[in-house]
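For reference, the structure is listed below as structure tokens.
Number of protein chains: 4
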Amino acid sequence: MGKGRLEAFSDGVIAIIITIMVLEMKVPHGDRLESLLPVLPVFLSYVLSFIYVGIYWNNHHHMLHASSRISGGVLWANLYLLFWLSLFPFATGWMGENHFAAGPSALYGFVLLMAAIAYYLLQQCIIKSEGESSLLRTALGQDWKGKLSPLVYLVAIVSTYFVPWLAQGLYLAMALVWLIPDRRIERAMARHGHQV
Amino acid sequence: MGKGRLEAFSDGVIAIIITIMVLEMKVPHGDRLESLLPVLPVFLSYVLSFIYVGIYWNNHHHMLHASSRISGGVLWANLYLLFWLSLFPFATGWMGENHFAAGPSALYGFVLLMAAIAYYLLQQCIIKSEGESSLLRTALGQDWKGKLSPLVYLVAIVSTYFVPWLAQGLYLAMALVWLIPDRRIERAMARHGHQV
Amino acid sequence: MGKGRLEAFSDGVIAIIITIMVLEMKVPHGDRLESLLPVLPVFLSYVLSFIYVGIYWNNHHHMLHASSRISGGVLWANLYLLFWLSLFPFATGWMGENHFAAGPSALYGFVLLMAAIAYYLLQQCIIKSEGESSLLRTALGQDWKGKLSPLVYLVAIVSTYFVPWLAQGLYLAMALVWLIPDRRIERAMARHGHQV
Amino acid sequence: MGKGRLEAFSDGVIAIIITIMVLEMKVPHGDRLESLLPVLPVFLSYVLSFIYVGIYWNNHHHMLHASSRISGGVLWANLYLLFWLSLFPFATGWMGENHFAAGPSALYGFVLLMAAIAYYLLQQCIIKSEGESSLLRTALGQDWKGKLSPLVYLVAIVSTYFVPWLAQGLYLAMALVWLIPDRRIERAMARHGHQV
């Protein structure tokens, strides 16, 4: 399986996910700016999900950039990640339409959690097929972000039943943690003399 | 017709199919986790179809990888396969919304059957244009999976009128049969000294 | 403007058009096979449009294959063609839902007519930028198919008010005329010693 | 980050945006041509947005063509632009369904304004990463179009409360200003001896 086609297919699916999420923002019926108010929570949840999907696209690219071969296992681990990402529009729409209520916020956190696990599995598959001394393995180091994220999502899911706004705060905080550029892979590549 | 553009177009269509299927899962109106229950059958049928479309994408790639030229016949056989794949969202949504009732399950099996036949036709077109001694012809061997699938789908369609759950079991079983990595083409390529 | 990116963008738009057309086939509410009957006309109009969009994708590829440079004029002529193709889902859905009634059938013919004209304009733009002695100009020859189509669509539009089914017959007939492989460009390329 | 994948992803998102906008044109229920009348304003707003998205796609391509490296900042500036472009279908649908009323027209102008600012930011990011003596910096010159557009959109937003039709006129006028081919980048490339 050529790496190029796997990248192109993943890009296609991620591009569609990021774009159809906006379809959950239904055009309001009134023609006054006030009619936009009920759409505001859906808009805010759309912004949050747009950032998350953007982060996944960005990191996915770097991860594949650091890998050289695509085995059958990597291919299905990749599809498994795309599966959970494809549930973002549903979870985003439900959370937004219910003004960040406990249940939908918990489901949103669950989708984040499963996507994080799927991303971790894909990473392990690639490392396994590339070897422990591989570029990706070296670049990740302790991978504290990859290990911290699922824990934070778990805490957020539980918190929805006690302090609903805490979950939103945690989702946003993790997004910002990931937004801070992660130069591990570029640095490791530079050390290996790869051209990025 | 360049092979690259045929692959890119097919990838685009398959990426869209796999992603818009999720739009059949309508966001529920309540904000409690129980509101998700009616969505569960649609979710399960989405999982099944996601696996099937993933298998088609995977196999489609391998088949084109083993072919060298794209004739006009191959092009239209490919569009014919994409046509039946494009009916997956409709068949999936109908089966899910009706909790795997007999009629929708039969239609789902019919779409699976027609897609399997279209895939077989595309394979024959490629072999015809590549020649009987071609890489793809050698790789397929007896092609028992390609010949078994339509029969199983036929049995499943008939079974919907007697033992509804049997059809679902057969659809799932065939998906698992196909999920088991099929190394025929890679092996044949290795024998021919091709670089995969 | 690189030819590759124009092709990729056009492929993306055409892949989306061909796939979202199927969204006009709404999942029926009953769970019996009879519930599919009202969907049948929408399905038939979907089949017709799928063939037309497939033909446009195929011919569009051949046309760009025979051209070497992309000027600003070609770029906008291409967007103009994509604009009319993007109205296929709307026209298809309206015609299907109204069981091929006169008004929707006339609109469908109008979209076919405008797309045919846009295709002709794009062809002229490419020939103008490539020169009268270019590969595409030679390949087209008298281009009787390109000149006949708009006339047939015009006749079909007018006929919807007198003999409704005649329009459908003409739409189908023109699709079949275009389906017959058109080897002009391949032949001209072979004569010019190009590798297809 | 390879420039190719950034282009491919942006193209995918823009292709989807330009195509799902048409889904806001709901198929009318009657089967007479008069049933199309209520759809006309949605159609007109679709035409306007199609032109704008086409312009963005065209200019985006030229801008990336003139840049050589993709930094993390450029990547997120690009996603920020795609975010505002992704709101076109929503703003277009709302404006069209309300027959160009003041509120929706103001929101439409706001989305145009934010997209123009995002485009400007992306341009600055690229110039910053390429250097003041870069091809893109030279090509832009005074960049009066880039500086004029936000001002015009601001005037249009304010005007919706006094002379509603003026806003539409300004949106259309700016689209035409941008449609006039902008040969700055090609010219600068020619001067630098680049092959376009």
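Here the protein sequences come in this chain order: A, B, C and D. Residue numbers for the first sequence follow my numbering, beginning at 49 and rising by one. Residue numbers for the second sequence follow my numbering, beginning at 49 and rising by one. Residue numbers for the third sequence follow my numbering, beginning at 49 and rising by one. Residue numbers for the fourth sequence follow my numbering, beginning at 49 and rising by one. Quick reminder that beta carbons are idealized off the backbone N, C-alpha and C, glycines included. A quick note: this is a predicted structure, and the numbers were derived from the prediction, not measured.
(message) Taking contact to mean 3 or more Cβ pairs, one atom from each stretch, closer than 8 Å, check whether the region 122-132 of chain A and the region 164-182 of chain A are in contact.
(response) With the cut-off at 8 Å, the region 122-132 of chain A and the region 164-182 of chain A touch.
(request) Might you give, ordered along the chain, the residues of its own chain that have their beta carbon closer than 8 Å to the beta carbon of LEU161 (chain C), omitting 5 neighbours on each side? (result) Position 113 of the third sequence, counted from the start, is the residue given in the question as residue 161 (chain C). Shown here for LEU161 (chain C): same chain residues with a beta carbon closer than 8 Å to its own, the five before and five after excluded, namely PRO198, TYR201, LEU202 and ILE205 in chain order.
(request) Output yes if chain D places a C-beta closer than 7 Å to the C-beta of HIS109 (chain A); else output no. (result) Within the first sequence, numbered from 1, the residue matching residue 109 (chain A) stands at position 61. It does: the Cβ of HIS109 (chain A) has a partner Cβ on chain D nearer than 7 Å.
(message) Once DSSP output is grouped into helix, strand and coil, what is the label at LEU170 (chain B)?
(response) Here residue 170 (chain B) refers to the residue found at position 122 when the second sequence is read from its first residue. Annotated three-state conformation of LEU170 (chain B) is helix, per DSSP.
(message) Would you say GLY263 (chain D) lies against chain C (beta-carbon separation less than 7 Å)?
(response) The structure shown does not extend to residue 263 (chain D), since chain D is modelled only from 49 to 244, so the question has no answer here.
(message) Along the region 51-70 of chain A, where does the CB come closer than 7 Å to a CB of chain B? Name the residues.
(response) Considering only beta carbons, the part of the region 51-70 of chain A lying closer than 7 Å to chain B consists of ARG53, ALA56, PHE57, GLY60, VAL61, ILE64, ILE65 and ILE68, in chain order.
(request) For TYR94 (chain D), collect the residues of the same chain with a Cβ closer than 8 Å to its Cβ; drop the 5 residues on either side in sequence, then sort them by chain order. (result) The residue labelled residue 94 (chain D) in the question sits at position 46 within the fourth sequence. Answer for TYR94 (chain D): MET69, VAL70, GLU72, MET73, THR140 and GLY144, listed in chain order.
(request) Give the DSSP-derived three-state secondary structure of LEU135 (chain A) in the structure shown. (result) The residue given as residue 135 (chain A) occupies position 87 in the first sequence. Note: LEU135 (chain A) maps to coil in three-state DSSP.
(request) Using only alpha-carbon positions, find the residue among C:HIS109, C:GLY120 and C:GLY157 that is nearest to MET222 (chain C). (result) Locating residue 222 (chain C) in the third sequence gives position 174, where the first residue counts as 1. Looking from the CA of MET222 (chain C), the closest CA among C:HIS109, C:GLY120 and C:GLY157 belongs to C:GLY157.
(request) Could you tell me whether any Cβ in chain A is nearer than 7 Å to the Cβ of GLY144 (chain B)? (result) The count along the second sequence starts at 1 and reaches residue 144 (chain B) at position 96. No - not a single Cβ of chain A is within 7 Å of the one on GLY144 (chain B).
(request) Enumerate in chain order the residues of its own chain whose CB-to-CB distance from LEU220 (chain D) is below 7 Å, with the five nearest sequence positions on each side excluded. (result) Position 172 of the fourth sequence, counted from the first residue, corresponds to residue 220 (chain D). Excluding positions up to five away in sequence, the list reads LEU96.
(message) Can you check whether the C-beta of PHE98 (chain C) is within less than 7 Å of a C-beta belonging to chain B?
(response) To locate residue 98 (chain C), count along the third sequence from 1; it is residue 50. Yes, PHE98 (chain C) counts as interfacial toward chain B.
(request) Report the neighbours of PRO76 (chain D) on chain C: residues whose CB is nearer than 8 Å to its CB, in chain order. (result) Taking the first residue of the fourth sequence as position 1, residue 76 (chain D) is located at position 28. Within chain C, the residues whose beta carbon sits less than 8 Å from that of PRO76 (chain D) are TRP142, listed in sequence order.
(message) Going residue by residue through the region 194-226 of chain A, where are the continuous beta strand (DSSP E) segments of at least 3 residues, counting only ones entirely within it?
(response) Fully enclosed beta strand (DSSP E) runs of 3 or longer: not present.
(request) Tell me whether HIS147 (chain A) sits in a helix, a strand or coil according to DSSP, three-state version. (result) The sequence position of residue 147 (chain A) within the first sequence is 99, counting from 1. DSSP places HIS147 (chain A) outside both helix and strand once states are collapsed to three, so it counts as coil.
(request) Grab the span of the alpha helix (DSSP H) containing HIS108 (chain C) for me, first residue to last. (result) Mapped onto the third sequence, residue 108 (chain C) falls at position 60. That run of the alpha helix (DSSP H) goes 88-113.
(request) Find out if the Cβ-Cβ distance for the pair ALA63 (chain C), VAL61 (chain B) is shorter than 7 Å. (result) As a first step, residue 63 (chain C) is located in the third sequence; it is residue number 15 there, counting from the start. As a first step, residue 61 (chain B) is located in the second sequence; it is residue number 13 there, counting from the start. In contact: ALA63 (chain C) and VAL61 (chain B) (Cβ atoms closer than 7 Å).
(message) Can you list, in chain order, the residues of its chain with a C-beta nearer than 7 Å to that of TRP65 (chain B)? Leave out the 5 residues immediately preceding and following it.
(response) One-based indexing of the second sequence puts residue 65 (chain B) at position 17. First, the residue type needs correcting, since residue 65 (chain B) is Ile and not Trp in the sequence shown. VAL101, LEU133, SER134, PHE136 and PRO137, listed in sequence order.
(message) Using a Cβ distance threshold of 8 Å, determine whether the region 78-87 of chain C contacts the region 79-88 of chain D, with at least three qualifying pairs required.
(response) These segments do not touch.
(message) Using C-beta distances below 6 Å, list every residue in its chain close to VAL225 (chain A), excluding the 5 sequence neighbours before and after it, in chain order.
(response) As a working note, residue 225 (chain A) is residue 177 in the first sequence. Around VAL225 (chain A): no qualifying Cβ.
(request) Report the neighbours of SER116 (chain C) on chain D: residues whose CB is nearer than 8 Å to its CB, in chain order. (result) One-based indexing of the third sequence puts residue 116 (chain C) at position 68. None at all; the shortest Cβ gap to chain D is about 13 Å.
(message) Could you check whether LEU184 (chain A) and ALA114 (chain A) sit closer than 7 Å to each other, using their CB atoms as the reference points?
(response) The count along the first sequence starts at 1 and reaches residue 114 (chain A) at position 66. The count along the first sequence starts at 1 and reaches residue 184 (chain A) at position 136. For ALA114 (chain A) and LEU184 (chain A), yes; Cβs fall inside 7 Å.
(request) Check GLU82 (chain D) in the structure and name its three-state DSSP category. (result) Numbered from 1 along the fourth sequence, position 34 holds the residue referred to as residue 82 (chain D). DSSP, reduced to helix, strand and coil, places GLU82 (chain D) within a helical segment of the structure shown.
(message) For LEU224 (chain D), would you say it is in contact with chain C, using Cβ-to-Cβ distances shorter than 7 Å as the test?
(response) In the fourth sequence, counting from the first residue as 1, residue 224 (chain D) sits at position 176. Closer than 7 Å: no.
(message) So the candidates are C:GLY120, C:ILE165, C:GLN190 and C:HIS109; which of them puts its Cα closest to the Cα of ILE42 (chain D)?
(response) Coverage of chain D is limited to positions 49 through 244, which leaves residue 42 (chain D) absent and any answer about it impossible.
(request) Starting from LYS51 (chain C), follow the alpha helix (DSSP H) in both directions and report where the run begins and ends. (result) In the third sequence, the residue the question calls residue 51 (chain C) occupies position 3. In this chain, the alpha helix (DSSP H) harbouring LYS51 (chain C) covers 51-68.
(message) Going by DSSP, what residue range makes up the alpha helix (DSSP H) through LEU188 (chain D)?
(response) Against the fourth sequence, residue 188 (chain D) aligns to sequence position 140. From DSSP, the alpha helix (DSSP H) with LEU188 (chain D) extends over 183-188.
(message) Determine whether the beta carbon atoms of HIS109 (chain C) and ARG53 (chain B) lie at a separation below 7 Å.
(response) Numbered from its first residue, the third sequence carries residue 109 (chain C) at position 61. Numbered from its first residue, the second sequence carries residue 53 (chain B) at position 5. It is a contact, given that the beta carbons lie within the stated cut-off.
(message) Please confirm whether ALA149 (chain D) has its beta-carbon closer than 7 Å to some beta-carbon of chain A.
(response) Here residue 149 (chain D) is taken as the residue at index 101 of the fourth sequence, counted from 1. By this cut-off, ALA149 (chain D) is an interface position.
(message) Can you give me the C-alpha to C-alpha distance between ALA187 (chain B) and LEU123 (chain B), rounded to a whole angstrom?
(response) On the second sequence, residue 187 (chain B) is found 139 positions in, with the first residue counted as 1. On the second sequence, residue 123 (chain B) is found 75 positions in, with the first residue counted as 1. Approximately 21 Å, taken between the alpha carbons.
(request) Would you mind stating whether THR208 (chain D) and ALA154 (chain D) have Cβ atoms separated by less than 7 Å? (result) Working through the fourth sequence from its first residue, we reach residue 208 (chain D) at position 160. Working through the fourth sequence from its first residue, we reach residue 154 (chain D) at position 106. It is a contact, given that the beta carbons lie within the stated cut-off.
(request) Report yes or no: is there a C-beta of chain A within less than 7 Å of the C-beta of LEU184 (chain B)? (result) Reading the second sequence from its first residue, position 136 is the one you call residue 184 (chain B). No - not a single Cβ of chain A is within 7 Å of the one on LEU184 (chain B).
(message) Below 8 Å on C-beta distance, what does ARG163 (chain A) contact in chain B?
(response) For the purposes of this step, residue 163 (chain A) is identified with residue 115 of the first sequence, where counting begins at 1. Residue identity check: residue 163 (chain A) is Ala in the sequence provided, not Arg. For ALA163 (chain A), there are no neighbours in chain B by C-beta distance under 8 Å, as the nearest C-beta there is about 14 Å away.
(message) Can you check whether the C-beta of ASP79 (chain D) is within less than 7 Å of a C-beta belonging to chain C?
(response) Along the fourth sequence, one-based indexing puts residue 79 (chain D) at 31. Closer than 7 Å: yes.
(message) On a Cα-Cα basis, can you pick out the residue from C:GLN216, C:LEU112 and C:SER58 that is closest to ALA150 (chain C)?
(response) Position 102 of the third sequence holds residue 150 (chain C). When each option's Cα is compared against that of ALA150 (chain C), the closest is C:GLN216.
(request) Return the chain-ordered list of same chain residues with a C-beta closer than 6 Å to the C-beta of TRP142 (chain B), the five sequence neighbours on each side being excluded. (result) Within the second sequence, numbered from 1, the residue matching residue 142 (chain B) stands at position 94. If we look at TRP142 (chain B) and ignore the five residues flanking it on each side, its Cβ neighbours are PRO152.
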